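Notes follow the structure.
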Amino acid sequence: MLLAVTTALLIGSTAYLWRTSDAWESRADDYEAVSHDLGSDLSDTRAELKATTDELSAVQSQLSTAQARIIELANEKAQIGDDREAQRLLVDYQERISSAAGKVALALDQCVRGQNQLIGYLQNAELYDPKDLDAYAADVQDLCQAATDANSALQAELSR
Amino acid sequence: MTGPRTRVRAGLAGVAVVLALSGCAAIENVPQMPGPAITSWVPSPAEEPSPVATGNLSPDGFANAERMAVRIRNVGCDSLSTGSGFAIDSHTVVTNRHVVADSAILQVSTYDGRDIPVSGALTASLADLAVLRTTEDLPSQQQLSDVDPKVGDPVTVVGYPLGGELRVTTGAVIGATTDPLHESLGEVLVTDAQVEPGSSGSAVLDSEGRVVGVVYAKNAADQSYIVPVSTLRDLLSDDAAFSPVPACT
Numbered sequence: 210m211l212l213a214v215t216t217a218l219l220i221g222s223t224a225y226l227w228r229t230s231d232a233w234e235s236r237a238d239d240y241e242a243v244s245h246d247l248g249s250d251l252s253d254t255r256a257e258l259k260a261t262t263d264e265l266s267a268v269q270s271q272l273s274t275a276q277a278r279i280i281e282l283a284n285e286k287a288q289i290g291d292d293r294e295a296q297r298l299l300v301d302y303q304e305r306i307s308s309a310a311g312k313v314a315l316a317l318d319q320c321v322r323g324q325n326q327l328i329g330y331l332q333n334a335e336l337y338d339p340k341d342l343d344a345y346a347a348d349v350q351d352l353c354q355a356a357t358d359a360n361s362a363l364q365a366e367l368s369r
Numbered sequence: 004m005t006g007p008r009t010r011v012r013a014g015l016a017g018v019a020v021v022l023a024l025s026g027c028a029a030i031e032n033v034p035q036m037p038g039p040a041i042t043s044w045v046p047s048p049a050e051e052p053s054p055v056a057t058g059n060l061s062p063d064g065f066a067n068a069e070r071m072a073v074r075i076r077n078v079g080c081d082s083l084s085t086g087s088g089f090a091i092d093s094h095t096v097v098t099n100r101h102v103v104a105d106s107a108i109l110q111v112s113t114y115d116g117r118d119i120p121v122s123g124a125l126t127a128s129l130a131d132l133a134v135l136r137t138t139e140d141l142p143s144q145q146q147l148s149d150v151d152p153k154v155g156d157p158v159t160v161v162g163y164p165l166g167g168e169l170r171v172t173t174g175a176v177i178g179a180t181t182d183p184l185h186e187s188l189g190e191v192l193v194t195d196a197q198v199e200p201g202s203s204g205s206a207v208l209d210s211e212g213r214v215v216g217v218v219y220a221k222n223a224a225d226q227s228y229i230v231p232v233s234t235l236r237d238l239l240s241d242d243a244a245f246s247p248v249p250a251c252t
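See the structure below:
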């Protein structure tokens, strides 16, 4: 009797453990399949991440290059602007010098012409009224003084 | 697969025998059938962080410190000079008084080469400071610090040394002194940040990117003098502190 009960227990226990083992084995197979899928996904994601990281590095490098170029171009534009303004100042200066020199030349010409005329009058002074000669001499003096003033203005421009 | 399975079954059978013989004393240790299978292995994604502020980011990748820096061209009656400045709001540039002195025309350009028209200039009589007003928006502006930097604090200078490219140089505050040029009341700060002619008017920034001073001179030892931000703040808050720049003759 005891042997029969023991045998029955053994058979029942063995059957239960057999089924349990099968169930866990099946579960392990399922999980292994899932782990393969997850591993594959992880590998793909890592590859995508690396590609994206590489692309980001390239974009950052391009951005740095573009920024450096923008600063270079801004500087080149600024230097051109400086040159333009310097040229404009130079042109203004040369115009002032040319204008002042022209005034000097004109005034000197009038002074010389007046003095030549005055010399001619003085060579025949007896033909003219002394008061008229004095007045003409004063006019010539004014012309020559104007030439002197124009020359002073020219020298002032040159020394600026 | 059959070898391990057979061994497992044999082992289980042995265990069953042992259990039966031991009167099932350890029944709670008997292997259980697997529970419900786990179907979700990937945790649900956390809420993606979204930026709440742009911080120092900008549309073109330039730092705010660079975007707020401007180059100033002073076209005088007989001379041409350049200096630096920085924006403190969308239409106001701070620079040095000597940068804008004796000018017939003042021209401002930005880090990316854009020209910004200037509508007027004001200079302070109590410090080597000046303010320019622009008719168009400046690209960016910088916040003024509430306090002056202390000795040892790191500083960054952003400007256009020698009228050339935009440069960022670093250094530290090394002391305070009375103004050697007698341009400013009170003390000015000395730093070892390298500056050059043309750097005048550059913003001096602290480690947080806030303006802590304005470069206005250097000495033979390559040390730079800066007007502290407290002086700048005091003058900006006083409408009578600034007066229009007399044009050159």
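The listed protein sequences correspond, in order, to chains A and B. Sequential numbering from 210 applies to the first sequence in the working numbering. Sequential numbering from 4 applies to the second sequence in the working numbering. The beta-carbon is built from N, C-alpha and C at its ideal position, and this holds for glycine as well. Since we're looking at a predicted model, the values are computed, not measured.
Think of a sphere of 9 Å around the beta carbon of T229(A): the chain B residues whose beta carbon falls inside it are L15, V33, P34, Q35, M36 and P37, in chain order. For the stretch 280-311 of chain A, the residues whose beta carbon sits under 9 Å from a beta carbon of chain B are, in order, I280, E281, L282, A283, N284, E285, K286, A287, Q288, G290, D291, E294, A295, R297, L298, D301 and Y302.
The C-alpha of Q276(A) is placed about 25 Å away from the C-alpha of K259(A). Under a 10 Å Cβ-count criterion, P62(B) is classified as exposed, with fewer than 16 other Cβ atoms of the shown protein chains found around its own Cβ. For S112(B), the chain A residues whose C-beta falls within less than 8 Å of its own C-beta are A283, K286, A287 and G290, listed in chain order. A straight-line Cα-Cα distance of about 12 Å links L298(A) and I108(B). With respect to chain B, the C-beta atom of L247(A) has a partner C-beta closer than 8 Å. D195(B) is positioned such that its CB atom lies closer than 8 Å to that of Q226(B). When DSSP states are grouped into helix, strand and coil, L132(B) belongs to the coil group. With its beta carbon less than 8 Å from one in chain A, T85(B) belongs to the interface. If the five residues before and after L331(A) are omitted, its C-beta is found closer than 8 Å to the C-beta atoms of L342, all from its own chain and listed in chain order. Contact of R369(A) with chain B is assigned, a C-beta pair being separated by under 8 Å. The closest CA to that of D131(B), considering only A220(B), D115(B) and Y163(B), is found on A220(B). If you draw a 10 Å sphere on the C-beta of E257(A), you find fewer than 16 other C-beta atoms in it, and that means exposed. The DSSP-derived three-state label of R100(B) is helix. Secondary structure at T42(B): coil, using DSSP grouped into helix, strand and coil. Using a CB distance cut-off of 8 Å, G116(B) counts as an interface residue toward chain A.
For E69(B), the enclosing alpha helix (DSSP H) covers residues N67 to R70. Bridge pairing for G88(B): V73(B) [DSSP]. Judged by DSSP in its simplified three-state form, L211(A) adopts helix. Contact of A267(A) with chain B by beta-carbon distance below 8 Å is absent, the smallest such distance being about 14 Å. Per DSSP, the beta-bridge partners of Y228(B) are V193(B) and A220(B). Contact of E168(B) with chain A is assigned, a C-beta pair being separated by under 8 Å.
Closest option to P34(B), judged by alpha-carbon separation, among D250(A), K286(A), S222(A) and H245(A): S222(A). If you draw a straight line from the Cα of Y337(A) to the Cα of L327(A), it is about 11 Å long.
By the criterion of a C-beta distance shorter than 7 Å, D209(B) is surrounded in its chain by S148, P152, D156, V158 and V215, once the five residues flanking it on both sides are discounted. Neighbours of R236(A) across chain B, judged by C-beta separation under 8 Å: P37 and A40.
Rounded to whole angstroms, the separation of the alpha carbons of V313(A) and E335(A) is 34 Å. Straight-line spacing of the CA atoms in R213(B) and I91(B) works out to 11 Å. Using a Cβ-Cβ cut-off of 8 Å, F65(B) counts as an interface residue toward chain A, since at least one Cβ of chain A sits closer than that to its own.
At the C-beta level, W44(B) and L247(A) come within 8 Å of one another. The distance from the Cβ of L238(B) to that of L129(B) is about 7 Å, consistent with a contact at the 8 Å cut-off. Counting the other Cβ atoms within 10 Å of the Cβ of A309(A) gives 16 or more, which makes it buried. Exposed is the label assigned to T274(A), since fewer than 16 other Cβ atoms lie within 10 Å of its Cβ. Separation of L367(A) and P231(B) (C-alpha to C-alpha, rounded to the nearest whole angstrom) is 42 Å. Below 8 Å, enough C-beta pairs join the stretch 63-81 of chain B and the stretch 104-120 of chain B to call them touching: three or more.
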